[in-house]
Amino acid sequence: MDAGEQKALDDIATHGCHIINVLAEGEQPEFSYSVGIQQSTQRPEAIVIGLKHPIAMFVINEYNSRLKAGETFAVGKFYSGFIEGFDCYIEQVHKKHYREYFGWDIWLYKGTDFEVIQFVYPSTQGIWPWDNESTGWFKNWQPILTENGKPTIAT
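Reminder that position 85 of the sequence shown reads as 132 in the numbering used here, one-by-one numbering, no gaps.
Below is the structure:
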């Protein structure tokens with residue numbers, strides 16, 4: 048086991064999760080995701096795409112804290128308290144995206160037997176990525192990781 052893997056396991060033991068931050072590359076946005084939340088709480092892992100890492104890490108840590116306090120979250124619902132002044136929408140991530148986005152979770156769970164939710168957020172104008180008014184840039188910067196790329200709310 049290398050130092051990075053040990054750090055991840057130590058963070059999971061101490062905090063209930065470890066967070067991986069992935070830098071933007073070309074037209075691919077930066078993203079952050081949890082490792083170990085499902086192991087610690089029996090609730091899904093989480094991903095935030097397109098936000099700066101400190102904000103994305105806050106969202107994931109807040110989710111983890113609220114889970115540990117007993118709160119539950121449902122796919123297809125809106126929740127406040129993650130990004131000041133804006134609700135977040137929770138979507139179920141389809142397994143077809145796991146290899147591209149969740150390498151450390153695949154390592155931890157020794158395969159793809161885990162669940163992930165995606166925190167989706169609106170633009171500063173309150174426009175969601177699936178809204179007709181949404182720009183192509185915003186839609187591409189925050190892809191919806193469902194099987195068909197559309198949110199449950201719109202199907």
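Yeah, the Cβ is synthetic: ideal placement off N, Cα and C, and Gly gets one too.
| query | result |
| --- | --- |
| According to DSSP, residues forming a beta bridge with HIS65 | VAL82 |
| Span of the alpha helix (DSSP H), counted from its first residue to its last, around GLU109 | 100-115 |
| Counted within 10 angstroms of its Cβ, other Cβ atoms place LEU155 as buried (16 or more) or exposed | buried |
| PHE166 vs ILE107 beta-carbon contact at 9 Å | yes |
| Delimiting residues of the alpha helix (DSSP H) encompassing PHE185 | 183-188 |
| 8 Å contact criterion, which PHE129 and GLU109 should meet: CB distance rounded | 6 Å |
| Cα-Cα separation between SER81 and ASN179, rounded to whole angstroms | 31 Å |
| Cβ neighbour criterion (16 or more within 10 Å) applied to PHE161 | buried |
| Beta-carbon gap between GLU138 and GLY158 smaller than 9 Å | no |
| Identified DSSP bridge partners for ILE59 | In DSSP, ILE59 forms no bridge with anything. |
| Whole-angstrom distance between GLU147 and GLU74, CA atom to CA atom | 15 Å |
| Three-state class that DSSP yields for TYR126 in the structure shown | strand |
| Pair within 9 Å by beta-carbon distance, PHE149 and ILE94 | yes |
| Reduced DSSP category for GLU194 - H, G, I as helix; E, B as strand; rest coil | coil |
| Close Cβ partners of ASN111 (< 6 Å) along its chain, the five nearest in sequence each way excluded | GLY63, CYS64, ILE84 |
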